[in-house]
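S.K.:
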Amino acid sequence: MPEPDGILLSARLGNNIPSRRFVSTVSIWEVACAVARLKNCDRRLGLRLVDDFAKAIEIAPVAPDMAITALAVEAAERYGMGGGRPGILNLGDCFSYATARHLKARLLFKGDDFSRTDIEAA
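Heads up: the sequence shown begins at 598 in our numbering, then just goes up one per residue.
1. Under three-state DSSP, which class holds Gly689?
2. Whose CA, out of Tyr676, Thr666, Ala657 and Met663, lies closest to the CA of Ser712?
3. Which same chain residues end up closer than 6 angstroms to Ala660 when comparing Cβ atoms and leaving out the 5 residues on each side of it in sequence?
4. From Arg641 to Asp690, what does the alpha carbon distance come to, in whole angstroms?
5. So, with DSSP's three-state summary, where would you put Leu704?
6. Looking at the secondary structure, which residues open and close the alpha helix (DSSP H) in which Ile625 lies?
7. Taking the C-alpha atoms as reference points, what is the distance between Leu686 and Asp710?
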């Protein structure tokens, strides 16, 4: 699944991020569904592929607890779509934002949505 900016993102993931890397389990779910769609396979296989990849590059999954969920709700209130106003972050984005905020970590992302928030880019 080559992405136009895949090489740049891979370099940023490998070189500029502290030795501990994390990902929201909500993001894992989103990527597993995308992998299954792109590979035309079962979502469970998509999840195994994503999990294997995350383990290989030492990215730890973080499941949302109530503290992360509260931060995701805050992100949705400030930056989220819906509620009759334009927004920039969807549900998965809100949980990525919240996980980074909770862990006091920078966030690796593509596109410009997160750059319009107060989260620090990796």
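C-beta atoms are modelled at their ideal positions from N, C-alpha and C, and glycine is treated no differently.
M.R.: Looking at the atomic coordinates:
1. Sequence index remark: in the sequence shown, residue 689 carries index 92 (1-based). Note: Gly689 maps to helix in three-state DSSP.
2. Numbered from 1 along the sequence shown, position 115 holds the residue referred to as residue 712. Checked all of Tyr676, Thr666, Ala657 and Met663; the closest Cα to Ser712 is Tyr676.
3. Residue numbering aside, residue 660 sits at position 63 when the sequence shown is read from its first letter. Once the five neighbours on either side are set aside, the close Cβ partners of Ala660 are Thr622.
4. Residue 641 sits at position 44 when you count from the first residue of the sequence shown. Residue 690 sits at position 93 when you count from the first residue of the sequence shown. Arg641 and Asp690: Cα-Cα distance of roughly 22 angstroms.
5. The residue given as residue 704 occupies position 107 in the sequence shown. In the three-state reduction of the DSSP assignment, Leu704 falls in the strand class, which pools E and B.
6. Here residue 625 corresponds to residue number 28 of the sequence shown, with the count starting at 1. Per DSSP, Ile625 belongs to the alpha helix (DSSP H) from Thr622 to Lys636.
7. Along the sequence shown, read from residue 1 onward, the residue named residue 686 stands at position 89. Along the sequence shown, read from residue 1 onward, the residue named residue 710 stands at position 113. Taking the straight line joining both Cα atoms gives about 7 angstroms.
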